[in-house]
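Scroll down for the structure; my scribbles are underneath it.
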Amino acid sequence: QVQLVESGGGLVQPGGSLRLSCAFSGRFFSVYVMGWYRQAPGKQRELVATITSVGTTKSSDSVKGRFTISRDNTKNTVYLQMNSLKPEDTAVYYCNADDTFHGENYWGKGTLVTVSS
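Take a look at the structure:
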């Protein structure tokens, strides 16, 4: 069974930075496509960024150039570096692990990011 635990959220001023971490416990971390999603109040959950087992990344247009997803397969951890934060980035950020081939998909409980002055 896979467990995902996010950390690193908090309150930051506009223009500031945060780094989120997601610790993966379980087997075969390296085979999963890891992703970050977010859900703002009153809105649907949306994709922020994903990274494959070999490091191929994609991100939403709203965060391109500001957010960077990375992973460390030796530490079973995925990161989201968030720079130039805006109030509209305020949301609960969720970590996701996806292994479509085996039909497995897991979510963390989320970490709150608040961008406000």
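Going letter by letter, the sequence shown gives residues 2 to 118 in the working numbering.
Ideal Cβ placement from N, Cα and C applies to all residues, glycine included.
- Under the 8 Å Cβ criterion, the segment 87 to 100 counts as touching the segment 29 to 42, having at least three qualifying pairs.
- With contacts defined by Cβ atoms closer than 9 Å, residue 94 and residue 11 do not form a contacting pair.
- Out of 104, 19, 99, 52, the CA that lies nearest to the CA of residue 113 is found in 19.
- In the three-state reduction of the DSSP assignment, residue 29 falls in the coil class, being assigned neither a helical nor a strand state.
- Taking 3 residues as the shortest admissible run, the segment 5 to 64 contains the following complete beta strand (DSSP E) segments, listed from N- to C-terminal end: 11 to 13, 19 to 26, 34 to 40, 47 to 52, 58 to 60.
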